[in-house]
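Working notes for the structure below.
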Amino acid sequence: MENIRRLFAQNRDLVADITKNDPEFFKKRAGKQEPHFLFIGCADSRVPAETLTGVAPGEMFVHRNIANQVRSVDLNLLSVLQYGVEVLDVKHVIVCGHYECGGVKAAMGDQNYGLVDHWLAGIRDTCNRHEQELQRIGDDDRRFRRVVDLNVLRQVYNLARTPIVQTAWKRGRRPMLHGMVYDIHDGLLKELVLQVDGNDRVAELLETTRRSIGD
Ligand code: CO
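To convert a position in the sequence shown, counted from 1, into the working numbering, add 58.
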């Protein structure tokens, strides 16, 4: 119970802190939201979208799931994406992976975890697509990091291929898609691909993804 009480206490402290400088902060946001960003990230507790990017309430629409997957059959993700793009008119859609991702690690191994194995099938597929490149990486940790990167790039591609994004681009080249990775070890965000705003950039993205890291 003590831990739950702590959340309420911290919430009150936060509100006091914010309203000290801007008494109308919450009232101003009560009527509507106008976020510029849609963030698709991993559910991992170490990757809180707003904290690691320093945005305030109202700035970022967020969807998180295990291993930041963008799947064309996921009604949850698609609903968030459609609402974000068509109603909120977000300028940027970010797919953010992170190193030490347990979902990616599970997909790379042979152990069975049950239901989540189905969820992670796309990452196994990515590993198979890049098998030759991955086999050439001798160091386990480097290989793990590379799969985290490839997973993000794949999800940006999946995002670009959704009818929601395709239709938006036909209408006026919005939103821009971005792929990034959060490094748990130092807290820094690394850019993988930025400003994918049309199918020509998607083709470049595929080319980048195919390129070997040449170790
Ligand atoms: Co993760």
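We put the CB at the ideal spot given by N, CA and C, even for glycine.
Item: Supposed contact pair V239 and V205 - C-beta distance, whole angstroms, cut 8 Å; Value: V205 to V239, Cβ: 11 Å. No contact.
Item: Rounded straight-line distance, which links the Cα of P221 to that of R63; Value: 44 Å
Item: Heavy atom of the ligand CO within 7 Å of C154 beta-carbon; Value: no
Item: Beta-carbon proximity list for N216, same chain, < 6 Å, skipping 5 on both sides; Value: V128
Item: Reference D255; option with closest CA among L247, K149 and N134; Value: K149
Item: Three-pair Cβ contact test at 8 Å for the region 69-82 versus the region 121-135; Value: no
Item: Cβ-based burial, G272 [other Cβ within 10 Å; buried from 16]; Value: With a pLDDT of 37 at G272, under the threshold of 50, the modelled position of that residue is not reliable, and the figure given next carries that caveat. By the 10 Å Cβ count, G272 comes out exposed.
Item: Rounded separation between C185 and R203 - CA only; Value: 12 Å
Item: Assigned secondary structure, H176 (DSSP; H/G/I helix, E/B strand, else coil); Value: helix
Item: Residue range of the beta strand (DSSP E) that includes Q224; Value: Here Q224 belongs to no beta strand (DSSP E); instead the alpha helix (DSSP H) covers P221 to G230.
Item: Bridge partner(s) assigned by DSSP for K248; Value: V239
Item: Span separating the alpha-carbon of H176 from that of R201; Value: 22 Å
Item: Whole-angstrom C-beta distance between N126 and Q213, which should lie under 8 Å; Value: 6 Å
Item: Selection from H243, A165 and A88 that minimises the alpha carbon distance to R104; Value: H243
Item: Same chain, Cβ closer than 6 Å to V138, five either side skipped, listed in chain order; Value: H121
Item: Own chain, CB closer than 6 Å to S270, minus 5 neighbours either side, in chain order; Value: Residue placement at S270 cannot be trusted, given a pLDDT of 46 that sits under 50; the coordinates are not used to answer.
Item: Span separating the alpha-carbon of W227 from that of E60; Value: 49 Å
Item: Nearest to L178 (by Cα), restricted to the options H188, D198 and A164; Value: A164
Item: Exposure label - D207; buried when at least 16 CB within 10 Å; Value: buried
Item: Contact check, V223 vs G155, beta carbons under 8 Å; Value: no
Item: Residues near H188 in its chain [Cβ-Cβ closer than 7 Å; skip 5 each side]; Value: L208
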